[in-house]
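**Q** Below you will find the structure I want to go over with you.
Numbering (the numbering used here), first residue to last: 7 to 356.
What follows is the structure, encoded as structure tokens:
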């Protein structure tokens, strides 16, 4: 049983920033996410997409924002359960919660913060006969450990950033990388497209466009695929087929937790702390809804801040918390010289 003060469901930007705000209040956090790495959509769908509405950053790449958030919360040592989906929730007699994942991992927390963005993500699967049979037998929808593909033949299908980025990365890992896309044009970052073309010219990536994978072959493990290239059919031998067609957002099992749902979003009270109809369960970020809701990352940061203040009072009833600015109070983990400098500034003001 994993013990924590706040159990955060969703490792997107809002979930990650919650760790920072909770850490300032000396509250422990643990994060569950169905994806194999932190970052949510930012990491999985468009790591190289520029974001323009983060305060203090005229422009920041989505992947860089995730990296910075991870650096910011490192000092508070959050726990992570990645590659597992929050499945069931049980409210105990003392008002705390036990959340169990689809793989049986149990988490016990005073409060639960649902920060699942647009919901849990499920891979968009191509319509190919018997594809379910080959899952985990050569068909992968996520790349959790690139070393699994070292020295292997790999076929990647897709036209977005994930397909481009992994093709580039695996070019130095796999013995053979083939990238298949149904169009000649790609949706990913231009520098990634240029890099793929460069690797193709060097013979490190085989690029087949426009084409689609239409069939799979193999007894106990995938051994070959069928492709349709401009009406011409052929077979390619391979060890792995990785279709990267994006992710489909769904609330998933959370929709069955007794929460008030409106248009696939969780209704919350935005007049105070973004709590749901179940005391102790909060919803922040794109997953929630209330009058005037804006689905922006910076709004999720604001909601996370107020939610953490509410959880502090829930854990410490009647205890007054005095809000201090980090410019004065500092953050645990900073060195002594920083703290001494802050004291000198305060003294000079006095």
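Even for Gly, the Cβ is constructed at its ideal location relative to N, Cα and C.
On the DSSP letters alone, give me the boundaries of the alpha helix (DSSP H) that residue 69 sits inside.
**A** Taking the first residue of the chain shown as position 1, residue 69 is located at position 63. It spans 68 to 79 - the alpha helix (DSSP H) in which residue 69 sits, taken as one unbroken run.
**Q** Check this for me: beta carbons of residue 282 and residue 289, under 8 Å apart or not?
**A** Locating residue 282 in the chain shown gives position 276, where the first residue counts as 1. Locating residue 289 in the chain shown gives position 283, where the first residue counts as 1. Yes. Within cutoff.
**Q** Suppose the cutoff is 8 Å on Cβ atoms and the five residues either side in sequence are ignored; what does the same chain contact list for residue 24 look like?
**A** Counted from its first residue, the chain shown places residue 24 at position 18. If we look at residue 24 and ignore the five residues flanking it on each side, its Cβ neighbours are 12, 14, 35, 119, 121, 290, 310, 313, 314.
**Q** Helix, strand or coil for residue 8 per DSSP?
**A** Here residue 8 refers to the residue found at position 2 when the chain shown is read from its first residue. Here residue 8 sits in strand by DSSP.
**Q** Could you tell me which uninterrupted alpha helix (DSSP H) segments, each at least 4 residues in length, are contained entirely in the region 136 to 182, listed from first to last along the chain?
**A** 137 to 140, 167 to 176
**Q** Taking its Cβ as the centre, do 16 or more other Cβ atoms sit within 10 Å of residue 47, making it buried, or is it exposed?
**A** Counting from one through the chain shown, the residue named residue 47 turns up at place 41. Residue 47 should be labelled buried.
**Q** So, is residue 194 buried or exposed, given that buried needs 16 or more other C-beta atoms within 10 angstroms?
**A** Locating residue 194 in the chain shown gives position 188, where the first residue counts as 1. Per the 10 Å Cβ criterion, buried.
**Q** In the DSSP output, what is residue 241 paired with across the bridge?
**A** Residue mapping note: residue 241 aligns to position 235 of the chain shown, counting from 1. Answer is 232, bridged to residue 241.
**Q** Where does residue 212 sit, in a helix, a strand or coil, going by DSSP?
**A** In the chain shown, residue 212 corresponds to position 206, counting from 1. Strand.
**Q** In angstroms, rounded to a whole number, what distance separates the CA positions of residue 258 and residue 110?
**A** Within the chain shown, residue 258 is the residue found at index 252, counting from 1. Within the chain shown, residue 110 is the residue found at index 104, counting from 1. Near 16 Å, if we compare the C-alpha coordinates of residue 110 and residue 258.
**Q** Quick check on residue 22: buried or exposed, where buried means 16 or more other Cβ atoms within 10 Å of its Cβ?
**A** Sequence index remark: in the chain shown, residue 22 carries index 16 (1-based). Buried: at least 16 other Cβ atoms inside 10 Å.
**Q** Quick one, which of 89, 65, 190 has its alpha-carbon nearest residue 39's?
**A** Residue 39 sits at position 33 when you count from the first residue of the chain shown. The option with the nearest alpha carbon to residue 39 is 89.
**Q** With distances taken Cα to Cα, identify the nearest neighbour of residue 58 among 302, 306, 320.
**A** Mapped onto the chain shown, residue 58 falls at position 52. For the residues 302, 306, 320, the minimum Cα distance to residue 58 belongs to 302.
**Q** Spatial neighbours of residue 134 within its chain, please: C-beta separation below 8 Å, excluding the five flanking residues on both sides.
**A** Locating residue 134 in the chain shown gives position 128, where the first residue counts as 1. Only 219, 220, 221, 222 meet the Cβ criterion.
**Q** Using alpha carbons as the reference points, say which of 37, 170, 177, 210 lies closest to residue 192.
**A** By one-based count along the chain shown, residue 192 stands at place 186. By alpha-carbon distance to residue 192, the top candidate from 37, 170, 177, 210 is 170.
**Q** Buried or exposed: residue 140, going by 16 or more other Cβ atoms within 10 Å of its Cβ?
**A** One-based indexing of the chain shown puts residue 140 at position 134. That one is buried.
**Q** Keeping to the same chain, check which residues put their C-beta closer than 6 Å to that of residue 96; ignore five residues upstream and five downstream.
**A** Counted from its first residue, the chain shown places residue 96 at position 90. Correct list, in chain order: 104.
**Q** Per DSSP, residue 281 forms a beta bridge with which residues?
**A** The count along the chain shown starts at 1 and reaches residue 281 at position 275. DSSP output for residue 281 lists 275, 288 as bridge partner(s).
**Q** Any idea which residues DSSP pairs residue 258 with across the strands?
**A** Here the question's residue 258 lines up with position 252 in the chain shown. Looking at the DSSP assignment, residue 258 forms no beta bridge with any residue, so it has no partner.
**Q** So, with DSSP's three-state summary, where would you put residue 5?
**A** With the chain represented from 7 up to 356, any question about residue 5 goes unanswered, as that position is not in the structure.
**Q** Residues in the same chain with beta-carbon distance under 6 Å from residue 93, minus the five sequence neighbours each way, listed in chain order, please.
**A** Taking the first residue of the chain shown as 1, we reach residue 93 at position 87. So the qualifying residues of the chain are 106, 107, 108, 259.
**Q** Which of the three DSSP states is assigned to residue 300 in this structure?
**A** One-based indexing of the chain shown puts residue 300 at position 294. Coil.
**Q** Grab the span of the alpha helix (DSSP H) containing residue 111 for me, first residue to last.
**A** Position 105 of the chain shown, counted from the first residue, corresponds to residue 111. Careful: residue 111 lies outside any alpha helix (DSSP H) and carries neither H nor E.
**Q** Buried or exposed for residue 145, please, with buried defined as at least 16 other CB atoms from any protein chain shown within 10 angstroms of its CB.
**A** For the purposes of this step, residue 145 is identified with residue 139 of the chain shown, where counting begins at 1. Classification of residue 145: buried, given that the 10 Å Cβ count is 16 or more.
**Q** Looking at the structure shown, is residue 23 part of a helix, part of a strand, or coil, going by DSSP?
**A** Taking the first residue of the chain shown as position 1, residue 23 is located at position 17. DSSP places residue 23 in helix when its eight states are reduced to three.
**Q** Bridge partners for residue 117 per DSSP, in chain order?
**A** Here residue 117 refers to the residue found at position 111 of the chain shown. 12, per the DSSP bridge assignment.
**Q** Could you give the residue range of the alpha helix (DSSP H) that holds residue 200?
**A** Translated into the one-based positions of the chain shown, residue 200 becomes position 194. That run of the alpha helix (DSSP H) goes 196 to 207.
**Q** Bridge partners of residue 39, per DSSP?
**A** In the chain shown, residue 39 corresponds to position 33, counting from 1. DSSP, once it has assigned bridges, lists 88 as partnering residue 39.
**Q** Are there 16 or more other CB atoms within 10 angstroms of the CB of residue 217, so buried, or fewer, so exposed?
**A** What you label residue 217 is simply residue 211 of the chain shown in a count that begins at 1. Classification of residue 217: buried, given that the 10 Å Cβ count is 16 or more.
**Q** Let me confirm a value: residue 331 is counted as buried when at least 16 other C-beta atoms fall within 10 Å, else exposed. Which label applies?
**A** Taking the chain shown and counting its residues from 1, one reaches residue 331 at position 325. Classification for residue 331: exposed.
**Q** What separation, rounded to the nearest whole angstrom, lies between the Cα atoms of residue 136 and residue 228?
**A** Position 130 of the chain shown, counting from 1, holds the residue named residue 136. Position 222 of the chain shown, counting from 1, holds the residue named residue 228. Cα to Cα, the separation comes out at about 11 Å.
**Q** For residue 189, is the classification buried or exposed, using 16 other Cβ atoms within 10 angstroms of its Cβ as the cut-off for buried?
**A** Within the chain shown, numbered from 1, the residue matching residue 189 stands at position 183. Classification of residue 189: exposed, given that the 10 Å Cβ count is below 16.
**Q** Measure the C-alpha to C-alpha separation of residue 254 and residue 32 and round it to an integer number of angstroms.
**A** Translated into positions along the chain shown, residue 254 becomes position 248. Translated into positions along the chain shown, residue 32 becomes position 26. Computed Cα separation, rounded: 35 Å.
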